[in-house]
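S.K.: Protein chains in written order, with the numbering used here: chain A, 19 to 368; chain B, 19 to 368. All C-beta atoms in this analysis are idealised placements derived from N, C-alpha and C, irrespective of residue type, glycine included. I am attaching a structure below and will ask some questions about it afterwards.
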């Protein structure tokens, strides 16, 4: 899935080239490319499908030239993850009714990749033999308030449990309690299931969405598919897979895992995982002369030189035509800023 | 005179295009062009001579295409204002031994231009009939500590006095005393005199410099002039006209004046004279969305959008490949920053 607009990282992430397409870690590969490189070790390249917004179709092909154009399912409208995943499931099931699938965001950071691959292989083994919706739960390493949590229920075996509850971003005290109990895991947003299982789950839990795709049953995998989607996909309600299915279904399982995972959801998250220089600043693709300044993240392209005095714990993000200077503690205001920029200046700076 | 490098305004002012060549006030004309536009109302265009560093020769011709190339005297080395003015005086005297001249920096802001022109015309009348070195003294409007002061002595008439003392940048208490007495005026660095008078003053007060130019007496105004200057100008001591002549000569007069004048010597000076938006920020050629931010000066080109939160009394100067974020109160550190940039990265960012 790589259709998001990444507005929390504006202006470094822009509507024309959002977060997943950016070489966010300075490795020479974008987050999307890193995700592809990871998944292709398990899923044959020809079986990888990219769900994205129609406006990013060319960008995906540019970044992943090994894909055939037909492997990109370009959504005609933004409808969050549930309709996106439904389309993918119907598309895959038309090709192989017995297919299993992994669903993964394209803009997360994953380290300890061998452990990730082991977990995914084990997850495929699990869902291939069960009518199960499996989510990967990450063993928490800190009382993070920015993540969703999964509480484990009945044990299947050491690494697999039924899901008892989902909890959206908890407050600090609750997050600390979660950690203490040992029953709570971070909700990674990475899912495994048989295509048939998620199609059935849509029918049971999200009949509105299910009905849209059922009416097109015969068209998936045929030349008529794109026309059908163009006409009907925009009619889907915009809702996440968590709300539409995972929190409602009763066959939801979690595989607990300890590979390194960060959803790179905020500047602070990026700051936390990035290497700091000797005075505690993070410099993304730029050079910094810092005086009495620490705790900052500088996201500035093209080897620009940043000279900064008396600035602490700020985000400084320069995108050429937009410069953002904002305390890390106020990063939740960025979405409002994007909106204000739109209200004042139209689409020019989005 | 337009040979300075403007390092106090780095990185907005760069060694390749320093302050005097920048449209600093967003008027469509650079400070040099504004100075030319002002002076050409009194001095015929063909009598205007531009003293600059050799590296800015092309830039001057580009900005002032009405000049003949011979009107640009390009210094082969930076030697401060005294050798610069000596060359100009010898050059002018060779053309007309009786010539009067006005010497003016090219990077100051002057308002109430008609009053300026009246003062200059009156100044020319004064020096044409006297062996006088005349400086313009500006009636101070605040106890500015960033300027030099001139104390007036014997009165010639209401607007002309002998100069009693020069005082470099005073501290606050002294500046306040200066204002109270009514005897002190800001030293504008704008001078009027006959070419012959300043040549004599060099002979009396700065014999080292005088000797250099006397050896070339016959060459000024001939094709041999540039060759002579290339060989001998770099041998001059680097010293300001104030130290070399004005503070030593005994025929120094001041014409007091009340046109608007600002040497634009610091970011704070620029902030002070610039129009503020409704929350007290100054935006130079850029658009600003400010949240909880006031007292800042944003000097950023090309209609860039600046989004800033929680920043007060800062300089934000973006020059494309360099971004400076520095409290206005620390602007005296900028020269050190330029030096650090040079030490760390060579000439790339100067």
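Short of 7 angstroms in beta carbon distance, which residues of its chain neighbour residue 329(A), apart from the five on each side in sequence? Order them along the chain.
M.R.: Taking the first chain and counting its residues from 1, the one referred to as residue 329(A) is at position 311. Hits under 7 angstroms: 311, 314.
S.K.: Please say whether residue 215(A) and residue 100(A) have beta carbons closer to each other than 8 angstroms?
M.R.: Indexing the first chain from 1 puts residue 100(A) at position 82. Indexing the first chain from 1 puts residue 215(A) at position 197. No, the pair does not count as a contact, with Cβ atoms beyond the cut-off.
S.K.: In chain order, what residues of the same chain lie with their CB nearer than 8 angstroms to the CB of residue 67(A), ignoring the 5 residues before and after it?
M.R.: In the first chain, the residue the question calls residue 67(A) occupies position 49. Cβ within range, chain order: 89, 90, 91, 106, 109, 110.
S.K.: Quick one: which chain A residues come within Cβ less than 8 angstroms of residue 345(B)?
M.R.: Position 327 of the second chain, counting from 1, holds the residue named residue 345(B). By Cβ distance, chain A contributes 327, 328.
S.K.: Taking its Cβ as the centre, do 16 or more other Cβ atoms sit within 10 Å of residue 37(B), making it buried, or is it exposed?
M.R.: Translated into the one-based positions of the second chain, residue 37(B) becomes position 19. Buried, since its Cβ has 16 or more Cβ neighbours within 10 Å.
S.K.: Measure the C-alpha to C-alpha separation of residue 193(B) and residue 65(B) and round it to an integer number of angstroms.
M.R.: Against the second chain, residue 193(B) aligns to sequence position 175. Against the second chain, residue 65(B) aligns to sequence position 47. Each residue's Cα considered, the two are about 38 angstroms apart.
S.K.: Please tell me whether residue 368(A) and residue 33(A) are closer than 8 angstroms, where the distance is taken between their beta carbons.
M.R.: Against the first chain, residue 368(A) aligns to sequence position 350. Against the first chain, residue 33(A) aligns to sequence position 15. Yes.
S.K.: Can you pull out the residues from the segment 143-161 of chain B whose beta carbon lies closer than 7 angstroms to at least one beta carbon of chain A?
M.R.: Within the segment 143-161 of chain B, no residue qualifies.
S.K.: Rounded to whole angstroms, what's the CA-CA distance from residue 39(B) to residue 288(B)? Just pull it up for me.
M.R.: As a first step, residue 39(B) is located in the second chain; it is residue number 21 there, counting from the start. As a first step, residue 288(B) is located in the second chain; it is residue number 270 there, counting from the start. Straight-line Cα distance between these residues: approximately 16 angstroms.
S.K.: Among the residues of its own chain, which have a CB less than 8 angstroms from the CB of residue 187(B), if the five just before and after it don't count?
M.R.: Position 169 of the second chain, counted from the start, is the residue given in the question as residue 187(B). Closer than 8 angstroms at the Cβ level, and outside the excluded window around residue 187(B), lie 163, 164, 165, 166.
S.K.: I want to see whether chain B comes within less than 8 angstroms of residue 50(A), judged by CB atoms only; does it?
M.R.: Against the first chain, residue 50(A) aligns to sequence position 32. For residue 50(A), the answer is no, since every Cβ of chain B falls outside 8 angstroms of its Cβ.
S.K.: Under 9 angstroms between beta-carbons, which chain A residues line up against residue 340(B)? List them in chain order, please.
M.R.: Within the second chain, the letter at position 322 stands for residue 340(B). Within 9 angstroms Cβ-Cβ: 322, 323, 324, 325.
S.K.: Verify the CB distance criterion: does residue 96(B) have a CB-CB separation below 8 angstroms to chain A?
M.R.: The sequence position of residue 96(B) within the second chain is 78, counting from 1. Chain A contact via Cβ: absent.
S.K.: Going by other Cβ atoms of all chains shown within 10 Å of its Cβ, with 16 needed for buried, is residue 87(B) buried or exposed?
M.R.: Residue 87(B) sits at position 69 when you count from the first residue of the second chain. Result: exposed.
S.K.: So what does residue 122(A) bridge to, in DSSP terms?
M.R.: Start at 1 with the first residue of the first chain, and residue 122(A) comes out as number 104. Beta-bridge pairing links residue 122(A) to no other residue.
S.K.: Among 185(A), 209(A), 44(A), 72(A), which one has its Cα closest to the Cα of residue 201(A)?
M.R.: In the first chain, residue 201(A) corresponds to position 183, counting from 1. Closest by alpha carbon: 185(A).
S.K.: Mind listing the chain B neighbours of residue 297(A)? Cutoff is C-beta to C-beta under 7 angstroms, in chain order.
M.R.: Position 279 of the first chain, counted from the first residue, corresponds to residue 297(A). Those do not exist, as residue 297(A) stays about 14 angstroms from chain B at its closest Cβ, beyond 7 angstroms.
S.K.: Looking at residue 48(B) and residue 81(B), is the spacing between their C-beta atoms short of 8 angstroms?
M.R.: The count along the second chain starts at 1 and reaches residue 81(B) at position 63. The count along the second chain starts at 1 and reaches residue 48(B) at position 30. In contact: residue 81(B) and residue 48(B) (Cβ atoms closer than 8 angstroms).
S.K.: Is the segment 354-361 of chain A close to the segment 252-272 of chain B, with three or more CB pairs under 8 angstroms?
M.R.: With the cut-off at 8 angstroms, the segment 354-361 of chain A and the segment 252-272 of chain B do not touch.
S.K.: Which chain B residues sit within Cβ distance under 9 angstroms of residue 213(A)?
M.R.: Indexing the first chain from 1 puts residue 213(A) at position 195. By Cβ distance, chain B contributes nothing, its closest Cβ being about 44 angstroms from residue 213(A), past 9 angstroms.
S.K.: Going by the beta-carbon positions, is the gap between residue 73(B) and residue 353(B) smaller than 8 angstroms?
M.R.: Within the second chain, residue 73(B) is the residue found at index 55, counting from 1. Within the second chain, residue 353(B) is the residue found at index 335, counting from 1. Result no, Cβ atoms of residue 73(B) and residue 353(B) do not sit closer than 8 angstroms.
S.K.: Distance check for residue 278(A) and residue 127(A), CA to CA, integer angstroms please.
M.R.: Stepping through the first chain from its first residue, residue 127(A) is reached at position 109. Stepping through the first chain from its first residue, residue 278(A) is reached at position 260. For residue 127(A) and residue 278(A), the distance between alpha carbons rounds to 8 angstroms.
S.K.: Kindly give me the distance between the Cβ atoms of residue 207(B) and residue 112(B), rounded to whole angstroms, as I take these residues to be in contact under 8 angstroms.
M.R.: Locating residue 207(B) in the second chain gives position 189, counting from the first residue. Locating residue 112(B) in the second chain gives position 94, counting from the first residue. About 25 angstroms; that fails the 8 angstroms criterion.
S.K.: Can you tell me whether residue 153(A) is buried or exposed, with buried defined as 16 or more other CB within 10 angstroms of its CB?
M.R.: For this step, residue 153(A) is matched to residue 135 along the first chain. Per the 10 Å Cβ criterion, buried.
S.K.: Taking buried to mean at least 16 other C-beta atoms within 10 Å of its own C-beta, is residue 55(A) buried or exposed?
M.R.: Start at 1 with the first residue of the first chain, and residue 55(A) comes out as number 37. So residue 55(A) ends up on the exposed side.
S.K.: What does DSSP give as the partner residues of residue 180(B) in its beta bridges?
M.R.: By one-based count along the second chain, residue 180(B) stands at place 162. According to DSSP, residue 180(B) bridges with 271(B).
S.K.: How long is the line joining the alpha carbons of residue 220(A) and residue 276(A), rounded to whole angstroms?
M.R.: Taking the first residue of the first chain as position 1, residue 220(A) is located at position 202. Taking the first residue of the first chain as position 1, residue 276(A) is located at position 258. The straight-line gap from Cα to Cα measures roughly 29 angstroms.
S.K.: Return the bridge partner residues of residue 336(B) from the DSSP annotation.
M.R.: Locating residue 336(B) in the second chain gives position 318, where the first residue counts as 1. Per DSSP, 318(B), 341(B).
S.K.: By the DSSP assignment, the alpha helix (DSSP H) with residue 142(B) in it spans what residues?
M.R.: Translated into the one-based positions of the second chain, residue 142(B) becomes position 124. Segment 131-146, the alpha helix (DSSP H) holding residue 142(B).
S.K.: So, with DSSP's three-state summary, where would you put residue 279(A)?
M.R.: Against the first chain, residue 279(A) aligns to sequence position 261. Note: residue 279(A) maps to strand in three-state DSSP.
S.K.: Assess, as a yes-or-no matter, whether the segment 132-141 of chain A is touched by the segment 287-304 of chain A under the definition of 3 or more beta carbon pairs within less than 8 angstroms.
M.R.: No: the two stretches stay apart, fewer than three of their Cβ pairs being nearer than 8 angstroms.
S.K.: Give the single residue among 62(A), 347(A), 205(A), 42(A) whose Cα lies nearest to the Cα of residue 264(A).
M.R.: As a working note, residue 264(A) is residue 246 in the first chain. For the residues 62(A), 347(A), 205(A), 42(A), the minimum Cα distance to residue 264(A) belongs to 205(A).
S.K.: Is the distance from the Cβ of residue 79(A) to the Cβ of residue 19(A) below 8 angstroms?
M.R.: Here residue 79(A) is taken as the residue at index 61 of the first chain, counted from 1. Here residue 19(A) is taken as the residue at index 1 of the first chain, counted from 1. No, Cβ-Cβ distance for residue 79(A) and residue 19(A) is not below 8 angstroms.
S.K.: Helix or strand or just coil, what does DSSP make of residue 206(A)?
M.R.: Position 188 of the first chain holds residue 206(A). The answer is strand: DSSP assigns residue 206(A) an E or B state.
S.K.: Which first and last residues belong to the alpha helix (DSSP H) in which residue 162(A) is found?
M.R.: Along the first chain, one-based indexing puts residue 162(A) at 144. That residue, residue 162(A), is in no alpha helix (DSSP H); it is neither H nor E in DSSP.
S.K.: Can the beta-carbon of residue 115(A) be found closer than 8 angstroms to that of residue 247(A)?
M.R.: Sequence index remark: in the first chain, residue 115(A) carries index 97 (1-based). Sequence index remark: in the first chain, residue 247(A) carries index 229 (1-based). Cβ atoms of residue 115(A) and residue 247(A): not closer than 8 angstroms.
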